[in-house]
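Its first residue numbered 202, the sequence shown is counted upward by one per residue in my numbering.
Scroll down for the structure; my scribbles are underneath it.
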Amino acid sequence: MNDLIIEAKGLYKTYRGAEKAAVDRIDLTVEKGSFFGLLGPNGAGKTTTLAMLTGLLEPDDGLLKVAGFDIRTSLDEVKRRIGLVPQEISLYPSLTAQENLAYFGMMQGLSGNALNGRIGDCLEFARLTELADKRVETFSGGMKRRLSLAIGIIHEPLILFLDEPTVGIDPASRLFIFENLKAMNANGTTIVYTSHYMEEVQTLCDTAAIMDSGRVIANGRMSALLSRQGKGMIRIRTAPDPTEAVRLDVESLPGAQSAIIKNDLLEIQTQEPEAAIEGVLRLLREKNVKLLSISHGAADLEGLFLSLTGTHLRD
Ligand SMILES: Nc1ncnc2c1ncn2[C@@H]1O[C@H](COP(=O)(O)OP(=O)(O)OP(=O)(O)O)[C@@H](O)[C@H]1O
Ligand SMILES: [Mg+2]
């Protein structure tokens, strides 16, 4: 096994006045050099987890080592080695791109030629060199995201944390961010990427944890997570609409792992699509239920989330 660059055990946080924990005793490990995805719906606890992993928020309980240091006793050592691209972009709008980079670079302890060199590199990296002297308030959402990313890496961190970095940006900026993150990861930077877009996590990340209601409900290598989901999902539409009785019958068919009713659709997780389809067709005939449509989708994280929680990641 590779070295672990993040080790969290029993991480716990309840916000003051809140009824339930935002992060409810989760265990997480991230291997050095991996591209780690933290996936979950709104309110799952991703940002709270990231805030604890980056030392912005003190856990109420649990053990946490980041980059080899205990975050409680060696916060400065940790902070020097990590970068964060937050969910809420925090730039100084009346300063230029260059001035923002200079400010955050100084906050990270850079100065003189080293700082100037990094500002130049980061502007180039974010393709903002031409716009270096423009005030940030004139920037588009995508440009701000790119600058926010550049600030996150100004001190060349070992681990880069990104909190939903592609929300509200145009497709070109999104692609640009993906390509850059992949290149950085190939060069050895460990990346921790949170998102509620399962496609992003599925295509970018080699390992992932799925959160729901403050808990980690699945985690591991992407290939292992996807194989847990089986060989995908069969979706059928019937007349009349599927009933709970039909759902239960379908669920007990050979080849069917689980079945849920979603509006007028019946979604069936399966390890053996052929057997499941055959069984479903026979069952519907027996029950005099008319089949209106049937489709088979490949295994994906959305399907895994659905089979674990009975709900969709997003509607
Ligand atoms: N500052 C806060 N004070 C009180 N409750 C909070 C605070 N921040 C978050 N919460 C609550 O904690 C839970 C986890 O929130 P968190 O922001 O970590 O989730 P998230 O997965 O990042 O969601 P999103 O996808 O919306 O960004 C939610 O129930 C949220 O309402
Ligand atoms: Mg969040």
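Heads up, the beta-carbon is just placed ideally off N, CA and C, and yes, glycines get one too.
Per DSSP, H356 has no beta bridge partner at all. DSSP, read as helix, strand or coil, puts E400 in helix. Restricting attention to alpha helix (DSSP H) runs no shorter than 4 residues, the stretch 300-338 encloses them at 313-326, ordered along the chain. Here G342 is exposed. Its C-beta has fewer than 16 other C-beta atoms within 10 Å. Counting along the chain, K383 sits inside no beta strand (DSSP E); it lies in the alpha helix (DSSP H) bounded by residues P372 to A387. Here F379 has L405 as same chain residues with Cβ atoms under 7 Å from its own Cβ, once five neighbours each way along the sequence are excluded. Secondary structure at V481: helix, using DSSP grouped into helix, strand and coil. D413 sits buried, since 16 or more C-beta atoms from the chains shown fall within 10 Å of its C-beta. Rounded to whole angstroms, the separation of the alpha carbons of K247 and E278 is 23 Å. A distance criterion of 6 Å places the beta-carbon of K214 beyond contact range of ligand 2, judged by its closest non-hydrogen atom. Judged by DSSP secondary structure, K247 falls outside any beta strand (DSSP E) and instead within the alpha helix (DSSP H) spanning K247 to L254.
Look at E289 here: in three-state DSSP terms it is coil, with no helix or strand label.
In this structure, I411 keeps its C-beta atom at 7 Å or more from the C-beta atom of H497.
For G504, the enclosing alpha helix (DSSP H) begins and ends at L502 to T510. T510 has its Cβ no nearer than 6 Å to any heavy atom of ligand 1. Note that the C-beta distance between V286 and P366 is below 7 Å. Of L258, T408, R282 and A446, the smallest CA-CA separation from R273 is found for L258. By the criterion of a C-beta distance shorter than 6 Å, T390 is surrounded in its chain by L361, once the five residues flanking it on both sides are discounted. Per DSSP, reduced to three states, the secondary structure at K214 is strand.
Distances between the C-beta of T367 and the heavy atoms of ligand 2 are all 6 Å or more. With a contact defined as Cβ atoms closer than 8 Å, V481 and L507 miss out at about 17 Å.
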